[in-house]
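Colleague:
Numbering (our numbering), first residue to last: 390 to 657.
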């Protein structure tokens, strides 16, 4: 998200002073990056310059780095930043990446017989609205789970971890991502009922990562490389560990996400 006033830091020349002053900016969305133009009527201290115009791009992932060209009232011009999300050296034109503090889950939509219940998450803080729009969140396993339904020689493997490590979701303009399907398959429910294993259940953890470009000022939790479910390598910030699972009884099936429970009474 493009902000006016101190949005980026540069370690190359007089950009911090320029961008700390009021600016006007116009930007529009391109397929990968956001192009912007910034006009600043103030000057760098100690010069006769009357304006600086930046034309550049906010890069993905993270929208926390920029690159492009500049010109000023003295006829000088040049470039700033790097067209790279993960540069190995400076000069940098970056800011600390925005990281969610939490996410709120709501179960909505029909249960899927092979994936369980759909959950939709809203990232916080949502200030300004759409703060994380255009970002990607990915899930990974965290720790070892438990499955009290499983038994030796069961036809199903223990349900003790997420099934698609690295799976990712796009965050929309309302800071919403999903659906994240959580729970048992219908055929597995029927099997454990027939084996007289109910009531029983499974619990496991889900580590969420949000993508981010490199910045020297990123939080210490910035790390990688991670690999998503398509084999794409990226870096990001871990922001939440969720408790997932589900229980089976003779008449109900539940889907659980961070203490919230959705119940299905129609699977027989």
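From the three backbone atoms N, C-alpha and C, an ideal C-beta is built for every residue, glycine too. Every value quoted in this text rests on a predicted model; they were computed, and no experiment measured them.
Out of curiosity, what's the CA-to-CA distance linking residue 582 and residue 627?
Modeller: Residue 582 sits at position 193 when you count from the first residue of the chain shown. Residue 627 sits at position 238 when you count from the first residue of the chain shown. When rounded, the distance between both Cα atoms is 37 Å.
Colleague: Based on the DSSP secondary-structure assignment, which residues constitute the bridge partners of residue 597?
Modeller: Along the chain shown, one-based indexing puts residue 597 at 208. Its beta-bridge partners are 528, 629.
Colleague: Under 7 Å, do residue 549 and residue 536 count as touching if we go by C-beta distance?
Modeller: The residue you call residue 549 lines up with position 160 of the chain shown. The residue you call residue 536 lines up with position 147 of the chain shown. Going by C-beta atoms, residue 549 is nearer than 7 Å to residue 536.
Colleague: Locate the alpha helix (DSSP H) running through residue 582, then write down its first and last residues.
Modeller: For this step, residue 582 is matched to residue 193 along the chain shown. Taken as a continuous stretch (DSSP letters only), the alpha helix (DSSP H) holding residue 582 covers 575-583.
Colleague: Quick check on residue 546: buried or exposed, where buried means 16 or more other Cβ atoms within 10 Å of its Cβ?
Modeller: For the purposes of this step, residue 546 is identified with residue 157 of the chain shown, where counting begins at 1. By the 10 Å Cβ count, residue 546 comes out exposed.
Colleague: Restricting to runs no shorter than 3 residues, where is the beta strand (DSSP E) found entirely within the stretch 600-657?
Modeller: Listed in chain order, the complete beta strand (DSSP E) runs (minimum 3 residues) inside the stretch 600-657 are 611-616, 622-637, 642-646, 649-653.
Colleague: Does DSSP put residue 456 in a helix, in a strand, or in coil?
Modeller: In the chain shown, the residue the question calls residue 456 occupies position 67. If DSSP states are grouped into helix, strand and coil, residue 456 belongs with the strands.
Colleague: Judging by CA-CA distance, which residue of 648, 649, 632, 623 is the nearest neighbour of residue 450?
Modeller: The residue given as residue 450 occupies position 61 in the chain shown. Among 648, 649, 632, 623, the Cα nearest to that of residue 450 is on 623.
Colleague: Can you find the residues in the same chain that come closer than 8 Å, C-beta to C-beta, to residue 608, ignoring five residues on each side of it along the sequence?
Modeller: Locating residue 608 in the chain shown gives position 219, counting from the first residue. Excluding positions up to five away in sequence, the list reads 485, 486, 488, 626.
Colleague: Along the chain, where does the beta strand (DSSP E) containing residue 442 start, and where does it finish?
Modeller: Taking the first residue of the chain shown as position 1, residue 442 is located at position 53. Element bounds for residue 442: 441-447.
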